Amino acid sequence: MTQKNTRYFAKIVRTSCGFKCLGQLHQKHDLSQLQDAEEDIRKEMEVQLFENKYAEQLSALSDKLSQNRKKLAHSEERLKMKLELRNFECGGMCADNAGNILVSDSRHHSVYVLDKELKYKNKLYDSKNGLDKPTAISLLNDHIWVADGNQIFIFPYANE
């Protein structure tokens, strides 16, 4: 603290404490303890402000960033599916009890779920599950039956 600031601080302290002296610092007014206390308070406030406040803000920003990454990944997947569905080659379709529509796509070797408004929900099965050119599709006893060439694939189906 500079000499000028110390004098100003002393005037404030003296005034608030009821001292009558408003002039220069006198030796009889030992303010070193107050200056030390002020420095300790400043340090503590810096710790509180910087560590706690910014830690909370950084944590909140980190959470928001994580949520945005998830949204971006989800949006990326939806965009990919929309592009894929443009070149869609329907081999067959059926509906579940909830009104979702299951569609086989021969071009992309996949089975998709669409909602009642024909909006893409998710991909259930694809070439990773052995599908090549899926055509006819049916639901029976919580299983999807998919005709593919000379084969019939039976996959579990959980109405979500």
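1 is the number of the first residue of the sequence shown in the UniProt record's numbering; add one for each residue after it.
Glycine residues also receive a C-beta, built at the ideal position from the N, C-alpha and C atoms.
None of the values given here were measured: they were computed from a predicted structure.
message: On the DSSP letters alone, give me the boundaries of the beta strand (DSSP E) that Y120 sits inside.
response: Where Y120 is concerned, the enclosing beta strand (DSSP E) stretches over 120-125.
- prompt: Are the beta-carbon atoms belonging to H109 and S138 less than 8 Å from one another?
  reply: With respect to S138, H109 sits apart: the two C-beta atoms are not nearer than 8 Å.
task: Determine, using beta-carbon pairs with one atom in the segment 90-104 and one in the segment 60-71, whether at least three such pairs fall under 8 Å.
output: With the cut-off at 8 Å, the segment 90-104 and the segment 60-71 do not touch.
message: Please report the straight-line C-alpha distance between G99 and A73, rounded to a whole angstrom.
response: Computed Cα separation, rounded: 27 Å.
query: Would you call I144 buried or exposed, if buried means 16 or more other Cβ atoms sit within 10 Å of its Cβ?
result: That one is buried.
- prompt: What did DSSP end up calling L139 once you bin it into helix, strand or coil?
  reply: Under the three-state reduction of DSSP, L139 is assigned to strand.
- prompt: Under three-state DSSP, which class holds L72?
  reply: Helix.
message: Suppose the cutoff is 7 Å on Cβ atoms and the five residues either side in sequence are ignored; what does the same chain contact list for K157 look like?
response: Position check: residue 157 holds Tyr in this sequence, whereas Lys was assumed. These residues qualify, in order along the chain: L139, D142, H143, I144.
query: Using a Cβ-Cβ cut-off of 8 Å (strictly less than) and excluding sequence neighbours within five positions of K121, which residues of its own chain qualify?
result: Around K121: N100, Y112, V113, L114, D115.
query: If you follow the beta strand (DSSP E) that D105 is part of, which residue opens it and which one closes it?
result: D105 -> beta strand (DSSP E) spans 101-105.
- prompt: What span of residues does the beta strand (DSSP E) with G130 cover, start to end?
  reply: No beta strand (DSSP E) contains G130, which DSSP labels as neither H nor E.
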